[in-house]
Amino acid sequence: MSNSSFDYYANRQHGHDHAHDDHAPIAGQDEGPPSEYEIMSRAMQELLEEKGLITAEEVRRRMELFEEELPYRGSRVIARAWTDPAFKKRLLEDGKAACAEMGVNLEADRLIAVENTPDVHNVIVCTLCSCYPRSLLGMPPTWYKSSNYRSRVVFEPRAVLKEFGTVLPDHVTVRVHDSNADMRYVVIPMRPEGTEGWSGEQLAAIATRDTLVGVTVPRVRAKG
Amino acid sequence: MSDRAINKGPHDMGGERAGAIDTTDHGMKFWEKQANALRSTASAKRIVRVDELRRAAEDLGDQYYKLDYFERTTTALRTLLLEKGIITESELTAKMAEVRARFDVPSAPPSPVKKEAHR
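Structure, rendered in structure tokens:
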């Protein structure tokens, strides 16, 4: 392609005749440049690969694990606890060992399962960072990592729960558990009425992430 | 509740007054998934430890509040890899220039990865 044809195209498209730099495309502005952190992160990965310390395959597999596997484990564990009292007992005694029975290996030293009852409601947080039972629930949601949640849930849990649409009767004691790197919590919600005879799969579907963190409680949709 | 102790780090925010919570999960951008998987892989292979990462993030001081979550964790990983001598500053600078140049290739078709990362 000659220069003249290029100029013609630029003039026609923009309707004026000064010289154009065709390397300043509008689409590039819309997408925005990658941030320095994105570039830094990719550069670190490539350097570690070049040094033979990690492989791209390992990173890709981790990405898939976080997307496809980890977020669904906690619901299965809780569904079993709802249907198998002996398992629930073991889960409450030693959360890590009980999860290992189901092939779920936790990254932290301890997993403490806390059970909701008609009189006690549990909520988990990590005020210092974002410690979270990732092996059971995947990556924490945005709000779990937010300053507002971390700051407030420890001193006004009822107000925080209300923002999630959860209003508890006054007589219910609310316990907030602050996680750390070595010790993670998971809430065992109360199994709702109307779930008698449900399969493990059906129960797992209502044992959602938010109910296992304790900001909401499982709900059964009214029929019809 | 917000009588700030003298030695309280920027991360120590439990009990502070704060605003309403955005209860929507915004998910993760593509680059955040990569950064998370990288950190997780580096931890699993014992290149860095979770407590080291936490210390490096807490050392950020006022910078802590200015960065997003994965910007903090990425900065913490950088700090540790440099401190441990696993990579050098000049290696990282050179590699970042290389990665940046790859993103900037004008003739490349629009990258779905790049688009995803900047929604």
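If you're matching them up, the sequences are chains Y and D in order. Mapped onto numbering that gives the first Met the number 0, the consecutive letters of the first sequence carry residue numbers 0 to 223. Mapped onto numbering that gives the first Met the number 0, the consecutive letters of the second sequence carry residue numbers 0 to 118. The C-beta atom is built at its ideal place from N, Cα and C for all residues, glycine as well.
Check                                                                                                                                                                                                       : Outcome
For A112 of chain Y, report the span of its beta strand (DSSP E) as first-last.                                                                                                                             : R109 to E114
On a Cα-Cα basis, can you pick out the residue from D:T87, D:L66, D:E90 and D:V49 that is closest to Y36 of chain Y?                                                                                        : D:L66
Which residues does DSSP list as the beta-bridge partners of T172 of chain Y?                                                                                                                               : Y:V119
So, are the CB atoms of T207 of chain Y and S74 of chain Y less than 8 angstroms apart?                                                                                                                     : yes
Buried or exposed for Y71 of chain Y, going by 16 or more other Cβ atoms inside 10 Å?                                                                                                                       : exposed
Would you say the stretch 33-53 of chain D touches the stretch 48-65 of chain Y, given that touching needs at least three Cβ pairs under 8 angstroms?                                                       : yes
Report yes if the C-beta distance between G14 of chain D and S150 of chain Y is below 8 angstroms; otherwise report no.                                                                                     : yes
So, do the stretch 179-186 of chain Y and the stretch 105-124 of chain Y have three or more beta carbon pairs nearer to each other than 8 angstroms?                                                        : yes
For G164 of chain Y, which residues in the same chain have their Cβ closer than 6 angstroms to its Cβ, ignoring the five residues on either side in sequence?                                               : none
So is G13 of chain D in contact with chain Y if we call contact Cβ pairs under 8 angstroms?                                                                                                                 : yes
Span of the alpha helix (DSSP H) holding R75 of chain Y?                                                                                                                                                    : L69 to T82
Below 8 angstroms between beta carbons: does that hold for V113 of chain Y and H170 of chain Y?                                                                                                             : no
Check whether the Cβ atoms of E45 of chain Y and K94 of chain D sit closer than 8 angstroms, and answer yes or no.                                                                                          : yes
Can you check the stretch 26-57 of chain Y for any alpha helix (DSSP H) of at least 4 residues that lies completely inside it and give the ranges in chain order?                                           : 35-49
Could you tell me which uninterrupted alpha helix (DSSP H) segments, each at least 4 residues in length, are contained entirely in the stretch 24-82 of chain D, listed from first to last along the chain? : 29-43, 49-57, 62-65 and 68-82
Rounding to the nearest angstrom, what Cα-Cα distance links R157 of chain Y and R16 of chain D in this structure?                                                                                           : 15 angstroms
Listing by chain order, which chain Y residues have their CB less than 8 angstroms from the CB of D50 of chain D?                                                                                           : A180
K32 of chain D versus chain Y: which residues are under 9 angstroms apart at the beta carbon?                                                                                                               : M62, F65, E66 and M138
Can you give the Cα-Cα distance for V76 of chain Y and A204 of chain Y, rounded to whole angstroms?                                                                                                         : 12 angstroms
Report the rounded CA-to-CA distance for R48 of chain D versus A75 of chain D, giving the unit in angstroms.                                                                                                : 11 angstroms
Residues in the stretch 141-171 of chain Y with C-beta within 7 angstroms of chain D's C-beta atoms, listed in sequence order?                                                                              : T141, W142, K144, S145, S146, N147, Y148, R149, S150, R151, V153, F154, V159, E162 and F163
For N104 of chain Y, does the three-state DSSP call read helix, strand or coil?                                                                                                                             : coil
Could you work out which residues of chain D lie near D177 of chain Y, taking near to mean beta carbons separated by less than 8 angstroms?                                                                 : G13
Kindly indicate which three-state DSSP category M182 of chain Y falls into: helix, strand or coil?                                                                                                          : strand
How big is the Cα-Cα spacing for P9 of chain D and D83 of chain Y?                                                                                                                                          : 43 angstroms
Just the Cα atoms here: how many angstroms apart are R53 of chain D and C128 of chain Y?                                                                                                                    : 8 angstroms
If you drop the 5 nearest sequence neighbours on each side, which residues of the same chain put their C-beta closer than 6 angstroms to that of R99 of chain D?                                            : none
Please report the distance separating the alpha-carbon of E67 of chain Y from that of P140 of chain Y.                                                                                                      : 15 angstroms
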